[in-house]
Amino acid sequence: MKLVIAQMKHETNTFSPVPTPLARFATGAEVPPEGDAAVSAYRGTGSAIAAFIDLAEAAGAEYTVPIAAAAWPSGPVHDAAFEYIARKICAAVVQGCDAVLLDLHGAMVTQSLADGEGELLRRIRAIAPDVPIGVALDMHTNLYDAMVDHSTVIAGYQTYPHVDVYETGLRAGKVVLAMLAGKARPTMAAGRAPMLPHVMRQGSDDSPNQELQARCREMEAQGALCASLFVGFPNADIEFAGLSAVVVTDGDPALATRWRDELLAMAWEKRQAFVYRIEPLAESMARAKALADAKPAGSGPVVLLDHSDNCASGGTMDTMTVLGAMLDAGLDGAAAFAIYDPAAVQQMIAAGVGAGITLALGGKLDMPAIGLKGEPRTVTGRVKLVCDGRFRNYGPMGRGEQVDMGPTAVLDTGKIQIVVISDHVEPHDLAAFTAVGIAPERCRYLMLKSRVHWRAGLRSLAHAVVECAGTGVCSSDYALLGLHKVRRPIYPLDPM
Ligand SMILES: [Zn+2]
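If you count by my numbering, then the sequence shown holds residues 79 to 574, one letter each, in order.
Here's what the structure looks like:
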């Protein structure tokens, strides 16, 4: 048995000014890893591709990994990057194989395509019409028909924060292996609901997504080969952004259809609970201060969530609105993760550890798609630490995966320790803080540029959380984003 195993992952925020060339998929190298380098980069980690590798090895299968390409979310993927990755995968399939296992995202938009994954799958299907194709997808998939038409089995994450990525790889891969062994006849039913859930209301610990994902797991316990409810990624102005479901059954298309319809109806019923109400920033800041003043001694930090500028949703990670409000309010005993500003890092490295420095921090990137200019903020402090910015995640999200935030420095204003980084990294893992010598549990306030993923590794430390609406391309304000290409009518843009 011979398998082709590959990864092509990118969540595209079509409003993001952050470019997505091939190098963004290569973490410090010129091109993404392939072959043995790809295997050693991911083996033993919490990724879906690691699950495919484990399954192949346990089955004694021969396998090739033509490429493992994952990039932090950002603007549309450059056509040349997509072509490079797709060509590598197709070239491996041309060599002949019994099955293809793909670790994809499901919300990749390129300069030319609204559905990068669908195009990749179409090309693979054209080369190998009868070869089973198993696909692991992120819960933020914006499902296009081509993804379903040109694959055999789809499994999506059932958690947000995404802590079941490896298990998702197992779910998709096991069905394909069972099919090759003549023990399963997968049949898929897929569909969309006309709704655009706000990301801030999508957490799988919260209702209604908690119940939706629980029902998916129940369907799998009742015989579905895979059941997936995708909440979708709304910061993408494309026709089929939004919620969808895919159910795979063993040779029973009617049951797959019935379960798909049940999931979509359940989500539609709860559509109002997926709407996020934005609190004005001044109110959030006052609430955070009151919470910190009232918290018992020894309790963890009040988390200020700068959710409009999360790099794991394509944010520039350099808007200064929330951090600026913290500075203006004189909040003390705080840490902030992080401001993306490679030039400021270089200034701090040049000044040296211990030096006093005044910087125009952040705000280097304009956001033309939402009509905003970058606005740096003058900050004075001391260079507390400089490091290479590399660490491995402790987990539970992205367990064991190598993370690289590039040259990194900590600016201490006396009241706030500001982590300044050169490559985008979302704070969802305690290791992001230990790598820069900060003990977040000791802080009075913790500012995080994150939306939901911070919960994975940091929520247990927090005394309270205050969601702060700052500035950025991850805004939950659909009117600010201006969604023009999404199909209409769609809730909540239309009352329905
Ligand atoms: Zn996601």
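Think of the CB as a built atom: it goes at the ideal place given N, C-alpha and C, for glycine as much as any other residue.
- Below 8 Å, too few C-beta pairs join the stretch 475-482 and the stretch 446-463 to call them touching: fewer than three.
- For tyrosine 244, there is no enclosing beta strand (DSSP E); the enclosing alpha helix (DSSP H) has its first and last residue at 243-258.
- For lysine 563, the CB contacts under 7 Å within the same chain, skipping 5 residues up- and downstream, are Asp315, Ile316, Glu317 in chain order.
- In this structure, the beta-carbon distance from phenylalanine 103 to glycine 247 does not fall below 9 Å.
- The set of residues whose C-beta lies within less than 5 Å of a heavy atom of ligand 1 reads, in chain order, Asp216, His218.
- For leucine 290, the CB contacts under 7 Å within the same chain, skipping 5 residues up- and downstream, are Leu307, Leu341, Met344, Ala345 in chain order.
- Fewer than three beta-carbon pairs drawn from the stretch 255-271 and the stretch 546-555 are found closer than 8 Å, and the two stretches are therefore not classed as touching.
- Contact between alanine 323 and glycine 269 holds: their C-beta atoms lie close to 6 Å from each other, under 8 Å.
- Looking at the backbone, the Cα of valine 353 and that of phenylalanine 160 are separated by about 33 Å.
- Taking 3 residues as the minimum length, the beta strand (DSSP E) runs contained wholly in the stretch 467-516 are 468-470, 480-482, 486-490, 494-499, in order along the chain.
- Aspartate 283 is classed as exposed because its beta carbon has fewer than 16 other beta carbons within 10 Å across all chains shown.
- A Cβ-Cβ separation of about 7 Å places valine 457 in contact with leucine 489 under the 8 Å criterion.
- If you look at glutamine 189, you'll find it isn't in any alpha helix (DSSP H); DSSP assigns it neither H nor E.
- When Cβ pairs closer than 8 Å are counted between the two stretches, the stretch 210-222 is seen to touch the stretch 181-188, the count reaching three or more.
- By DSSP's assignment, glutamine 85 forms a beta bridge with Ala146, Asp181.
- Closest by C-alpha distance to histidine 541, out of Ala84, Ala407, Arg522, is Arg522.
- The DSSP-derived three-state label of serine 282 is coil.
- With the rule of 3 Cβ pairs closer than 8 Å, the stretch 198-208 does not count as touching the stretch 238-246.
- In terms of Cβ geometry, alanine 148 and proline 99 do not form a close pair [threshold 9 Å].
- Residue environment analysis places glutamate 357 among the exposed positions, since fewer than 16 neighbouring C-beta atoms fall within 10 angstroms of its C-beta.
- Fewer than three Cβ pairs drawn from the stretch 161-171 and the stretch 132-140 lie within less than 8 Å of each other, which leaves the two stretches out of contact.
- Pairing valine 498 with alanine 487 gives a Cβ-Cβ distance under 9 Å.
- Contact between alanine 116 and isoleucine 145 holds: CB atoms are separated by about 7 Å, below the 8 Å threshold.
- In the DSSP assignment, tyrosine 556 falls outside any beta strand (DSSP E) and lies within the alpha helix (DSSP H) extending over 556-559.
- The three-state secondary structure of valine 172, taken from DSSP, is helix.
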